[in-house]
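Enquirer: First to last, the sequence lines map onto chains L and S. Under the numbering used here, the first residue of the first sequence carries the number 1, and numbering increases by one thereafter. Under the numbering used here, the first residue of the second sequence carries the number 287, and numbering increases by one thereafter. Here a beta-carbon is modelled for each residue, glycine too, at the ideal position from N, C-alpha and C. Sending over a structure as structure tokens; questions will come in a sec.
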Amino acid sequence: MRNPIQNRYDFVLLFDVKDGNPNGDPDAGNLPRIDPETGHGLVTDVCLKRKVRNYVQLEKGGAVAFDIFVKERAILNNLIDEAHEQDIVKSKEKGDKTEAARQFMCGKYYDVRTFGAVMSTGKNAGQVRGPVQFTFARSVDQIVPLEHSITRMAVATEAEAEKQQGDNRTMGRKFTVPYALYCCHGFISAPLAAQTGFSEDDLNLFWQAVINMFEHDRSAARGLMSSRKLFVFKHENKMGNAPAHKLFDLIDIQRAEGSTGPARSFKDYVVKVGAAPDGVTLLEKL
Amino acid sequence: MNGNGKRSALFRLKVWGRNACFTRPEMKVERVSYDVMTPSAARGVLEAILWKPAIRWLVERIDVLAPIRWESVRRNEVGSVMSPRSNGIFIEDQRQQRAGLFLRDVAYTIHARLELTAKAGAEDNLTKFQEMFLRRAEKGQCFHRPYLGCREFAADFTLIRQEEPLPEPIGISRDLGWMLYDIQHDNRADKNHVHCCTESCRPSFFRAELSNGVLLVPSPGDGEVRQ
């Protein structure tokens, strides 16, 4: 185990999207996720965790101790099967196998160490609870998803071409949010970090990933997405020095003075931060 | 399992969050939540704040403070567990789209006591753990962030002191049917406080009745709890 982190952290990430779809809803034909009762947009926890994994894979290239277990095919940098026999696990007594396997997995894979994992070690799934906990991100204001019809000057099959007598055009649909600012709350537990060996280096890599994750996730669907603000509340104490909800309440997001109508850029918002209580340091990472 | 059967004073903790999913065991693939927090989820929230092998939490009552409302979310999930022998999972090969029927904007008051277990040493006593819990809950301290059924549904919590009035539960009465009471864990194989379920871990159920927003929870040894 390397030196695990010694502080509790609660963080607030503000990110925005311009003319893109931050997170499609499979239940609604890939429309941007929306909370039907409030009209606010949603981005799921797993969507953000995927981006952190992809960033770390890109940044570290599967380096020792920074490999990613749950990979996305989009990043094919090194799929060389190491296929090494884990003597360290094999040699152990039956009762200690599970623990050895847990340690091995936490040591090798950044995402296991950070987010945890359900693992088939022992009789049935032994679990690793990771120190980092994301929640659903929600938009600050209501979002209005737009639907755009687009055309393609080609068809996929012969049959389609024949049907159109050689006109060869197809229509598609694309959904975007013209602009939205999303807010996500997250938590990092020092005691759980001690169990998985999540270290200060891992933590710095995590902040780096959260700040830069959209920079390497460009695509036709996403439009312009950026991390705008990352507020980190660092508690002196492992268990924390203040309730998380009181810290999150210190961050006040208002419409900028003189900005009217629907918000269309980050300039339409003003983010104010109150003073953190004793024992808590506010770090503005971005 | 009882240390000496002595129980602490009654603690009251208000917990709330944007979403919650207290998954019904019969609907675990596409998760569907119970209408109300289960005793086992309430225990999990308390243990996130304070737990030692020397104590165990006994949830006595759960007050529902917010109307029961629902929200459906479909996500991409991975359909397999990790194995140290594999070199990673390609999400495209293992992708499963699963919906979840979650609760939204929930708030509860958990009424619970703690008691000593057989693992309590000579230096352990109820007063010590009572004070520890009060200190932590007052300061908003926690071992890890408590959550409402699933870790993505983080919970905020605040202690309701003895002299403070209880928040008013909603005026809803409903038979909730059989509800998960808790999993009777077999902790013999635990290492470093990391629990792996074995075949001896068994669920138990009780007949849950919401009366004017209050769910009374039977004691573990009670005949009302069925294995």
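Who are the near neighbours of arginine 169 (chain L) in its chain, counting only those whose CB is closer than 8 Å to its CB and skipping five residues on each side?
Expert: Here residue 169 (chain L) is taken as the residue at index 169 of the first sequence, counted from 1. The beta carbon of arginine 169 (chain L) sits closer than 8 Å to the beta carbons of Thr151, Arg152, Met153, Ala154, Val155 from its chain, once the five residues preceding and following it are set aside; these are given in chain order.
Enquirer: Check whether the Cβ atoms of tryptophan 302 (chain S) and alanine 423 (chain S) sit closer than 8 Å, and answer yes or no.
Expert: Taking the second sequence and counting its residues from 1, one reaches residue 302 (chain S) at position 16. Taking the second sequence and counting its residues from 1, one reaches residue 423 (chain S) at position 137. No. Outside cutoff.
Enquirer: Across which residues does DSSP place tryptophan 464 (chain S) in a beta bridge pair?
Expert: Position 178 of the second sequence, counted from the start, is the residue given in the question as residue 464 (chain S). S:Arg493, per the DSSP bridge assignment.
Enquirer: Could you pull the start and end residues of the alpha helix (DSSP H) that histidine 245 (chain L) belongs to?
Expert: Residue 245 (chain L) sits at position 245 when you count from the first residue of the first sequence. 244-248 is the extent of the alpha helix (DSSP H) around histidine 245 (chain L).
Enquirer: With distances taken from CA atoms, which of L:Asp111, L:Thr157, L:Val132, L:Asn30 is nearest isoleucine 375 (chain S)?
Expert: Position 89 of the second sequence holds residue 375 (chain S). Ranking L:Asp111, L:Thr157, L:Val132, L:Asn30 by Cα distance to isoleucine 375 (chain S) puts L:Asp111 first.
Enquirer: Distance check for aspartate 10 (chain L) and asparagine 241 (chain L), CA to CA, integer angstroms please.
Expert: Along the first sequence, one-based indexing puts residue 241 (chain L) at 241. Along the first sequence, one-based indexing puts residue 10 (chain L) at 10. Computed Cα separation, rounded: 11 Å.
Enquirer: Looking at chain S, is there any beta carbon in it that lies within less than 8 Å of the beta carbon of asparagine 30 (chain L)?
Expert: As a working note, residue 30 (chain L) is residue 30 in the first sequence. No, its Cβ sits nowhere closer than 8 Å to a Cβ of chain S.
Enquirer: Under DSSP, the beta strand (DSSP E) around asparagine 305 (chain S) begins and ends at which residues?
Expert: Locating residue 305 (chain S) in the second sequence gives position 19, where the first residue counts as 1. From DSSP, the beta strand (DSSP E) with asparagine 305 (chain S) extends over 297-306.
Enquirer: Should isoleucine 75 (chain L) be flagged as near chain S, meaning a C-beta pair shorter than 8 Å?
Expert: Within the first sequence, numbered from 1, the residue matching residue 75 (chain L) stands at position 75. Bear in mind that a pLDDT of 49 at isoleucine 75 (chain L), under 50, signals an unreliable position, so the model cannot answer this.
Enquirer: Taking the C-alpha atoms as reference points, what is the distance between proline 325 (chain S) and lysine 108 (chain L)?
Expert: Mapped onto the second sequence, residue 325 (chain S) falls at position 39. Mapped onto the first sequence, residue 108 (chain L) falls at position 108. Approximately 36 Å, taken between the alpha carbons.
Enquirer: Going along chain S, which residues have a C-beta under 8 Å from alanine 242 (chain L)?
Expert: Counted from its first residue, the first sequence places residue 242 (chain L) at position 242. Here the neighbours are Lys425, Gly426.
Enquirer: Report the residue ranges of all alpha helix (DSSP H) runs contained in full by the stretch 118-190 of chain L; include only those spanning at least 4 residues, in chain order.
Expert: 158-163
Enquirer: Let's see if you can read the secondary structure: which residues bound the alpha helix (DSSP H) around isoleucine 335 (chain S)?
Expert: Reading the second sequence from its first residue, position 49 is the one you call residue 335 (chain S). Taken as a continuous stretch (DSSP letters only), the alpha helix (DSSP H) holding isoleucine 335 (chain S) covers 325-335.
Enquirer: Using a cut-off of 7 Å between C-beta atoms, extract the partners of threonine 444 (chain S) located in chain L.
Expert: On the second sequence, residue 444 (chain S) is found 158 positions in, with the first residue counted as 1. Those are Pro243, listed as they occur along chain L.
Enquirer: At least one CB of chain L closer than 8 Å to the CB of valine 331 (chain S): is that the case?
Expert: Counting from one through the second sequence, the residue named residue 331 (chain S) turns up at place 45. The beta-carbon of valine 331 (chain S) is placed no less than 8 Å from the nearest beta-carbon of chain L.
Enquirer: Starting from alanine 393 (chain S) and walking both ways along the beta strand (DSSP E), at which residues does that stretch end?
Expert: For this step, residue 393 (chain S) is matched to residue 107 along the second sequence. Residues 381-403.
Enquirer: With distances taken from CA atoms, which of S:Ser369, S:Ala408, S:Glu346 is nearest tryptophan 503 (chain S)?
Expert: The count along the second sequence starts at 1 and reaches residue 503 (chain S) at position 217. Note on residue identity: the sequence assigns valine, not tryptophan, to residue 503 (chain S). Comparing Cα positions, the closest option is S:Glu346.
Enquirer: Closer than 6 Å by C-beta to tryptophan 343 (chain S): which residues in its own chain qualify, once you throw out the five before and the five after it? Chain order, please.
Expert: Taking the first residue of the second sequence as 1, we reach residue 343 (chain S) at position 57. Once the five neighbours on either side are set aside, the close Cβ partners of tryptophan 343 (chain S) are Arg329, Leu332, Ala398, Leu400.
Enquirer: Give the range of the alpha helix (DSSP H) segment to which threonine 444 (chain S) is assigned.
Expert: Looking up residue 444 (chain S) in the second sequence gives position 158. Note, threonine 444 (chain S): premise wrong, no alpha helix (DSSP H); beta strand (DSSP E) at 442-445.
Enquirer: Note the first and the last residue of the continuous alpha helix (DSSP H) segment covering tyrosine 269 (chain L).
Expert: Your numbering for residue 269 (chain L) matches position 269 in the first sequence. Taken as a continuous stretch (DSSP letters only), tyrosine 269 (chain L) belongs to no alpha helix (DSSP H), being part of the beta strand (DSSP E) at 269-273.
Enquirer: Please confirm whether glutamate 275 (chain S) has its beta-carbon closer than 8 Å to some beta-carbon of chain L.
Expert: As displayed, chain S neither begins before 287 nor continues past 513, which places residue 275 (chain S) out of reach and without an answer.
Enquirer: For a contact meaning CB atoms closer than 9 Å, what does glutamine 383 (chain S) contact in chain L?
Expert: Position 97 of the second sequence, counted from the start, is the residue given in the question as residue 383 (chain S). Those are Pro26, Asp27, listed as they occur along chain L.
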